[in-house]
Amino acid sequence: MKEVVVLSGKGGTGKTSIVGSLATLAERKVLADCDVDAADLHLLLSPSVTQENEFWSGQVACIDLDKCSQCGLCQELCRFNAIRDFQVDAIACEGCGFCAHICPVAAITMKENLSGYLFLSQTKYGPLVHARLGIAQENSGKLVAQVRQRARQIAVEQNLEYIINDGPPGIGCPVISSLSGATLSLLITEPTLSGMHDLERVLRVCRHFDVPALVCINKYNINEDNTQRIENYCSAQGVTLAAKVPFDNVVTKALVQGVPIVEYSDGKVSQEIKKLWQKIHNVLEETKQFA
Amino acid sequence: MIISIASGKGGTGKTLVAISLALSLKDSHEVTLLDCDVEESNDHIFLKSVVTGSEPINMQVPQVAKGKCIYCGKCARVCAYHAIAVLGDHVLTFPQLCHGCGACSYLCPEKAISEEPRQTGVVEWGHSDGLGFVRGILTVGEAMATPVIRKVKEYANGNSIVIRDVPPGTSCPVVEAIKGSDFCLLVTEPTPFGLNDLALAVETVRKLRILCGVVLNRAGIGDTGVEEYCRRENIPILLTIPLDTEIARLYSRGVALVDGMPQWKDSFYRLFNNIKEIVNERSCGVKW
Numbered sequence: 001m002k003e004v005v006v007l008s009g010k011g012g013t014g015k016t017s018i019v020g021s022l023a024t025l026a027e028r029k030v031l032a033d034c035d036v037d038a039a040d041l042h043l044l045l046s047p048s049v050t051q052e053n054e055f056w057s058g059q060v061a062c063i064d065l066d067k068c069s070q071c072g073l074c075q076e077l078c079r080f081n082a083i084r085d086f087q088v089d090a091i092a093c094e095g096c097g098f099c100a101h102i103c104p105v106a107a108i109t110m111k112e113n114l115s116g117y118l119f120l121s122q123t124k125y126g127p128l129v130h131a132r133l134g135i136a137q138e139n140s141g142k143l144v145a146q147v148r149q150r151a152r153q154i155a156v157e158q159n160l161e162y163i164i165n166d167g168p169p170g171i172g173c174p175v176i177s178s179l180s181g182a183t184l185s186l187l188i189t190e191p192t193l194s195g196m197h198d199l200e201r202v203l204r205v206c207r208h209f210d211v212p213a214l215v216c217i218n219k220y221n222i223n224e225d226n227t228q229r230i231e232n233y234c235s236a237q238g239v240t241l242a243a244k245v246p247f248d249n250v251v252t253k254a255l256v257q258g259v260p261i262v263e264y265s266d267g268k269v270s271q272e273i274k275k276l277w278q279k280i281h282n283v284l285e286e287t288k289q290f291a
Numbered sequence: 292m293i294i295s296i297a298s299g300k301g302g303t304g305k306t307l308v309a310i311s312l313a314l315s316l317k318d319s320h321e322v323t324l325l326d327c328d329v330e331e332s333n334d335h336i337f338l339k340s341v342v343t344g345s346e347p348i349n350m351q352v353p354q355v356a357k358g359k360c361i362y363c364g365k366c367a368r369v370c371a372y373h374a375i376a377v378l379g380d381h382v383l384t385f386p387q388l389c390h391g392c393g394a395c396s397y398l399c400p401e402k403a404i405s406e407e408p409r410q411t412g413v414v415e416w417g418h419s420d421g422l423g424f425v426r427g428i429l430t431v432g433e434a435m436a437t438p439v440i441r442k443v444k445e446y447a448n449g450n451s452i453v454i455r456d457v458p459p460g461t462s463c464p465v466v467e468a469i470k471g472s473d474f475c476l477l478v479t480e481p482t483p484f485g486l487n488d489l490a491l492a493v494e495t496v497r498k499l500r501i502l503c504g505v506v507l508n509r510a511g512i513g514d515t516g517v518e519e520y521c522r523r524e525n526i527p528i529l530l531t532i533p534l535d536t537e538i539a540r541l542y543s544r545g546v547a548l549v550d551g552m553p554q555w556k557d558s559f560y561r562l563f564n565n566i567k568e569i570v571n572e573r574s575c576g577v578k579w
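Heads up: the sequence lines are chains A and B, in that order.
Reading the first sequence from the start, the letters are residues 1 to 291 in the numbering used here.
Reading the second sequence from the start, the letters are residues 292 to 579 in the numbering used here.
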């Protein structure tokens with residue numbers, strides 16, 4: 001079983017559109033949407049949900065005002081400013097439980113928090129594991145870890161070879177959770193100064209967690225000078241540039257129809273994504289199985 | 292007044308809007324731009340900013356004094372994040388899991404735990420041609436963006452108009468970045484992805500009881516779902532930016548929209564006045 005995780009640093013470079021197409025090209029795989037706080041992959045794959053599980057994670061402090069003596073110690077000690085006027089701000093509360101431990105009259109209890117849902121779906125491209133983090137909830141990293149764990153389970157049960165993981169933007173907690181222990185990362189960038197700046201940081205995260213990376217430049221013809229600079233950067237860093245996908249409105253047209261681009265058109269974009277999958281496939285074949 | 296620029300979906304144009312709004316207002320108002328997208332901050336690329344100061348951002352993590360510890364295990368039991376473990380006569384700490392709540396050091400019966408700073412990022416401040424600018428940078432490999440964002444917010448000049456460039460998504464870093472704003476502009480694009488993530492972002496700002504309006508970027512590229520949604524939900528579309536290759540090229544070169552196409556300044560100025568009007572109506576108790 002081998003897992004490729006698609007990241008970008010900068011948002012909106014085309015991760016989900018490309019993963020949607022990889023879903024149609026790869027065989028014997030399970031798909032995982034690890035962008036749990038703004039998941040979009042389901043919009044391309046028309047899934048039917050076969051299993052839904054609650055995601056309980058973390059706790060929230062709850063003050064029993066009948067018991068509270070209004071001594072104010074909890075307010076004074078809370079580092080997250082989550083208690084004001086003996087009321088808990090559930091959004092600010094990080095669930096550390098400090099207040100419950102120190103309350104002299106035991107008026108504070110910690111309540112389990114329903115922070116989202118985990119779904120297993122069937123699509124015509126194979127199984128999809130996805131999730132929805134509750135609005136303004138924490139622990140996105142833990143939910144990502146559950147999505148990946150479920151995807152691995154499915155891969156084992158159904159004897160599937162690949163996990164294709166659509167990652168979140170950024171470099172923080174959910175990205176680290178999507179990346180650690182993966183076989184390969186595919187970094188989607190665009191030829192803008194922002195895209196390049198963010199590629200450089202996300203590549204450093206991959207190195208930090210020792211996951212090899214491939215780069216794909218999306219919308220490469222928007223600024224060919226910058227594309228050249230990314231190519232130079234990749235070769236200086238010893239990172240393979242796997243594909244250069246042109247900008248074409250047809251990608252948005254396919255998205256509006258709710259289908260992956262390679263199914264919608266056979267133009268240059270689709271040709272390039274097919275080449276991209278071939279490269280990813282070759283690299284995965286050369287990589288040793290992970291335990 | 293504090294205006295946050297958020298989106299749900301990444302890459303819809305938050306930075307473009309935040310920079311252009313700040314640059315359009317800076318000649319007539321005192322303005323501070325805060326780059327709260329500390330994982331991937333980009334505002335500095337578009338500003339010729341001068342950094343005048345910086346400060347490391349530290350988490351307070353436990354340090355156990357071996358001579359004092361009696362291995363009672365209290366710290367491990369109270370830590371909600373499993374950042375400290377006691378195995379026989381060994382205490383292990385996992386600083387990257389620590390949220391810095393301080394429970395372990397406070398509750399240790401032997402007072403064997405002190406707190407040590409551990410750097411997770413840096414905040415920089417300066418200016419760009421009259422515009423105040425603050426930027427947070429999360430260290431590569433670090434997971435927790437929220438403490439860095441919290442620090443960036445502290446450096447805002449309270450007397451100025453504050454514009455916060457928010458990270459994508461809807462989880463804790465976004466909540467921290469928009470908390471305390473008077474208004475949240477949600478930048479989206481007219482596609483099914485843009486719509487799906489806009490709806491999540493709207494739920495988030497409503498949960499925080501913050502007023503919002505929409506900027507529709509790359510108008511003309513997809514479908515009419517976003518406009519229909521905004522009508523249904525009674526959310527004003529305050530600015531529409533068309534799909535234009537010239538705008539995309541300027542962005543790719545790191546040139547602010549209002550620098551490359553100064554005719555846009557008026558639109559951003561009007562956008563600000565519309566926001567001001569909405570915020571004032573609310574504070575006068577007029578139902579919006």
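Note that CB positions come from ideal geometry on N, CA and C, so glycine has one too.
Since the model is a prediction, treat every value here as computed from it, not as a measurement.
Taking Cβ-Cβ distances shorter than 8 angstroms, what residues in chain B pair up with residue 67 of chain A?
Those within 8 angstroms of residue 67 of chain A in chain B number zero; the least Cβ separation is about 20 angstroms.
Cα-Cα separation between residue 422 of chain B and residue 329 of chain B, rounded to whole angstroms
19 angstroms
For residue 84 of chain A versus residue 70 of chain A, is the C-beta spacing smaller than 8 angstroms?
no
Separation of residue 326 of chain B from residue 340 of chain B, as counted between CA atoms:
13 angstroms
Can you tell me whether residue 190 of chain A is buried or exposed? The criterion is at least 16 other CB atoms within 10 Å of its CB, across all chains shown.
buried
Suppose the cutoff is 7 angstroms on Cβ atoms and the five residues either side in sequence are ignored; what does the same chain contact list for residue 213 of chain A look like?
185, 187, 203, 206 and 239
Does DSSP classify residue 275 of chain A as helix, strand or coil?
helix
What are the boundary residues of the beta strand (DSSP E) that residue 46 of chain A is part of?
Residue 46 of chain A -> no beta strand (DSSP E), and no H or E assigned at all.
In the DSSP assignment, the alpha helix (DSSP H) including residue 543 of chain B goes from what residue to what residue?
536-543
Please report the straight-line C-alpha distance between residue 7 of chain A and residue 175 of chain A, rounded to a whole angstrom.
8 angstroms
Residue 350 of chain B versus B/367, B/436 and B/490, residue with shortest Cα-Cα distance:
B/436
Please go through the same chain and pick out, in chain order, the residues whose beta-carbon is closer than 7 angstroms to the beta-carbon of residue 517 of chain B, but skip the five residues on each side of it.
479, 481, 485, 486, 489 and 507
Work out the CA separation of residue 410 of chain B and residue 428 of chain B for me, nearest whole Å.
11 angstroms
For chain B, find out if any of its Cβ atoms is closer than 8 angstroms to the Cβ of residue 169 of chain A; answer yes or no.
yes
Can we say the region 300-315 of chain B touches the region 450-464 of chain B, given the rule of at least three CB pairs closer than 8 angstroms?
yes
Near-chain A residues of the region 494-515 of chain B - C-beta to any C-beta below 8 angstroms:
494, 495, 498, 499, 512, 513 and 514
Tell me whether residue 56 of chain A is buried or exposed, calling it buried when 16 or more other Cβ atoms sit within 10 Å of its Cβ.
exposed
Unbroken beta strand (DSSP E) run spanning residue 384 of chain B, endpoints:
381-384
Could you list which residues in chain A have their beta carbon closer than 9 angstroms to that of residue 435 of chain B, in chain order?
172 and 173
Is residue 436 of chain B helix, strand or coil when you go by DSSP?
coil
Residue 275 of chain A Cβ short of 7 angstroms to the ligand FMN heavy atom set:
Summarising the ligand content, the structure contains no ligands, and the ligand FMN is consequently not present.
Residues in the region 300-312 of chain B having any Cβ partner in chain A nearer than 9 angstroms
300, 301, 302, 303, 304, 305 and 306
By alpha-carbon positions, which one of A/248, A/119 and A/145 ends up nearest to residue 268 of chain A?
A/248
What's the gap between the Cα of residue 363 of chain B and the Cα of residue 48 of chain A?
51 angstroms
Euclidean distance between Cα positions of residue 126 of chain A and residue 45 of chain A
10 angstroms
For residue 63 of chain A, which of A/111, A/220 and A/148 has the nearest alpha-carbon?
A/111
Chain-ordered chain A contacts of residue 390 of chain B [CB-CB under 8 angstroms]
94 and 96
Pop quiz: residue 256 of chain A and residue 514 of chain B are said to be a contact at Cβ under 8 angstroms. What is the actual Cβ separation, rounded to whole angstroms?
5 angstroms
With burial defined as no fewer than 16 other Cβ atoms inside 10 Å of the residue's Cβ, what is the status of residue 50 of chain A: buried or exposed?
exposed
Which of the residues in the region 126-157 of chain A, read from start to end, lie with their CB under 7 angstroms from any CB of chain B?
133, 135, 136, 137, 138, 140 and 141
Short check: CB of residue 526 of chain B to CB of residue 511 of chain B, under 8 angstroms?
no
Close-in-space but distant-in-sequence residues of the same chain around residue 245 of chain A (CB under 6 angstroms, 5 per side omitted)
218, 269 and 272
Whole angstroms is fine: what's the gap from residue 533 of chain B's alpha carbon to residue 389 of chain B's?
45 angstroms
May I have the straight-line CA-CA distance separating residue 115 of chain A from residue 67 of chain A, to the nearest angstrom?
28 angstroms
Inter-residue spacing [alpha-carbon to alpha-carbon] between residue 65 of chain A and residue 100 of chain A
13 angstroms
Step through the CB atoms of chain B and report whether any lies within less than 8 angstroms of the CB of residue 20 of chain A.
no
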